[in-house]
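*Asks:* Please find one structure pasted underneath; my questions will follow.
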Amino acid sequence: MTRDDETHEGRTADFDVVVVGAGFAGLYALHRLRELGLSAVAFEAGDGVGGTWYWNRYPGARCDVESIEYSFSFSPEIEQEWDWTDLMPSQPEVERYLNFVCDRLDLRREIRFSTRVTRMTFDEPRAIWSVETDAGDVVTAPFVIAATGCLSAPLEPDIPGVSSFEGVSLYTNRFPKEGFDFTGKRVGVIGTGSSGVQCIPVIAEQADRLYVFQRSAAYTFPSSARPLEPSELAELKAMYPEIRRQQQASPAGAVRLSAFAALFQPSRGEILDTPYEEQLRVLDEH
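This note's numbering puts the first residue of the sequence shown at 5, with every later residue one more than the last.
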């Protein structure tokens with residue numbers, strides 16, 4: 005699609021595509037659009053790339069998929085150039101990786117940082133989007149890619165009295181970039197999902213007292229996190245073609261992490277129809 009097509013004669017726009025967000029999806033979208041010869045601009049609310057891995061920088065934040073798989077697959081060159089240090093990458097390492105990719109592909113010049121999209125309006129007769137931002141930008145394009153993912157809208161807890169709490173309130177989805185020192189403090193962590201499970205042991209090492217508030221117990225797999233040996237990384241890089249082939253054929257998109265991939269095995273049947281002892285056996289296997 006070009007800016008002036010036969011269906012909408014006379015249509016003009018600032019760009020072919022507007023991309024919202026500069027995480028994994030946004031960076032790939034910019035790269036692919038450039039390959040297609042299309043003009044694009046991306047708006048990113050943060051002052052750096054990373055998306056989820058820019059905002060979620062709480063203590064202990066780490067990916068639950070192996071680094072060798074939790075990476076872009078479109079460039080064999082980038083696969084070989086980037087050296088992962090951990091089997092399960094931490095937040096800082098994933099953020100460094102995405103900055104590396106951004107600079108390696110020279111994508112930063114097409115991204116407007118610290119800029120949040122506030123309104124989008126579609127002009128049907130012209131088939132063009134008008135995109136407004138909190139920085140005063142108004143740009144137009146026939147296409148918009150919302151590369152915002154499912155984690156871009158922070159959830160404020162609906163707890164009576166939370167607004168009048170006189171202590172320090174911190175949120176894993178927008179933790180201070182400079183970190184926070186919990187030494188000698190009494191800390192309460194609400195929730196034991198992935199973020200809670202990861203940050204609780206790290207905070208416990210610093211805090212004077214730590215209280216954990218759990219609504220519902222959840223099954224948690226032990227982490228396989230550990231540093232990668234140099235020889236191990238070289239072997240994994242040599243396996244990239246086969247790893248990618250298996251990923252594309254897997255419903256989970258992850259093949260080396262058996263605990264994660266096991267959740268998507270189609271042969272397991274319905275869990276509620278499986279005897280409890282068998283459920284435990286399968287979980288223990290993985």
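Each residue gets a CB set at the ideal place from its N, CA and C atoms; glycine is no exception.
On the DSSP letters alone, give me the boundaries of the alpha helix (DSSP H) that T56 sits inside.
*Replies:* Where T56 is concerned, the enclosing alpha helix (DSSP H) stretches over T56 to W59.
*Asks:* Quick one: what does DSSP say G200 is sitting in, helix, strand or coil?
*Replies:* DSSP places G200 in helix when its eight states are reduced to three.
*Asks:* Just to check my reading of the structure: W57 and E99 have Cβ atoms closer than 8 Å, yes? What is that Cβ distance to the nearest angstrom?
*Replies:* Confirmed, Cβ separation roughly 5 Å.
*Asks:* Could you tell me which whole alpha helix (DSSP H) segments of length 4 or greater appear in the segment 212-287?
*Replies:* Runs of the alpha helix (DSSP H) inside the segment 212-287: 234-242, 244-253 and 262-265.
*Asks:* From this set, A238, E128, G171 and F186, which residue's C-alpha is nearest Q210's C-alpha?
*Replies:* Selected option, being the one with the closest Cα: F186.
*Asks:* State yes or no: is the C-beta of V142 within less than 8 Å of the C-beta of V22?
*Replies:* Cβ distance not < 8 Å, so V142 and V22 don't count as in contact.
*Asks:* Tell me, please, which residues DSSP counts as bridged to F47.
*Replies:* The partner list for F47 (beta bridge, DSSP) reads V24 and R116.
*Asks:* May I ask you to list the residues that DSSP assigns as paired with S71?
*Replies:* Answer is none; S71 lacks a bridge partner.
*Asks:* Given a threshold of 16 other Cβ atoms within 10 Å of its Cβ, counted over all protein chains shown, does F126 qualify as buried or as exposed?
*Replies:* By the neighbour-count rule (16 or more Cβ atoms within 10 Å), F126 is not buried but exposed.
*Asks:* At what residue ranges does the segment 81-108 contain a whole run of the alpha helix (DSSP H), taking only runs of 4 or more?
*Replies:* Listed in chain order, they are 95-108.
*Asks:* Is K189 near R61, with beta carbons less than 8 Å apart?
*Replies:* Their beta carbons are not under 8 Å apart, which means K189 does not touch R61 by this criterion.
*Asks:* For L232 and T137, I'd like the C-alpha separation in whole angstroms.
*Replies:* Near 42 Å, if we compare the C-alpha coordinates of T137 and L232.
*Asks:* Can you give me the Cβ contacts of A29 inside the same chain, cut-off strictly under 6 Å, excluding the 5 residues immediately before and after it?
*Replies:* The residues are A151.
*Asks:* Considering just the uninterrupted stretch of the beta strand (DSSP E) at D127, what are its terminal residues?
*Replies:* Per DSSP, D127 belongs to the beta strand (DSSP E) from V121 to D127.
*Asks:* Is V166 helix, strand or coil by DSSP?
*Replies:* In the structure shown, V166 sits in a helix (DSSP, three-state: H, G or I).
*Asks:* At which residues does the beta strand (DSSP E) containing E160 begin and terminate?
*Replies:* Unbroken run through E160: none, as it is neither H nor E.
*Asks:* Determine the DSSP secondary structure at V206, reduced to helix, strand or coil.
*Replies:* Three-state result, V206: helix.
*Asks:* So the candidates are R113, E128 and V193; which of them puts its Cα closest to the Cα of E48?
*Replies:* When each option's Cα is compared against that of E48, the closest is R113.
*Asks:* Quick one: Cα of Y280 to Cα of D288, how far?
*Replies:* Y280 and D288: Cα-Cα distance of roughly 12 Å.
*Asks:* In the DSSP assignment, find the unbroken beta strand (DSSP E) run with T2 in it and report its ends.
*Replies:* Here the chain has residues from 5 to 290 only, and residue 2 is not among them.
*Asks:* Rounded to whole angstroms, what is the Cα-Cα separation between L240 and V259?
*Replies:* So the alpha carbons of these two residues sit roughly 13 Å apart.
*Asks:* In angstroms with no decimal places, state the Cα-to-Cα distance between S168 and Y175.
*Replies:* Taking the straight line from one Cα to the other gives about 16 Å.
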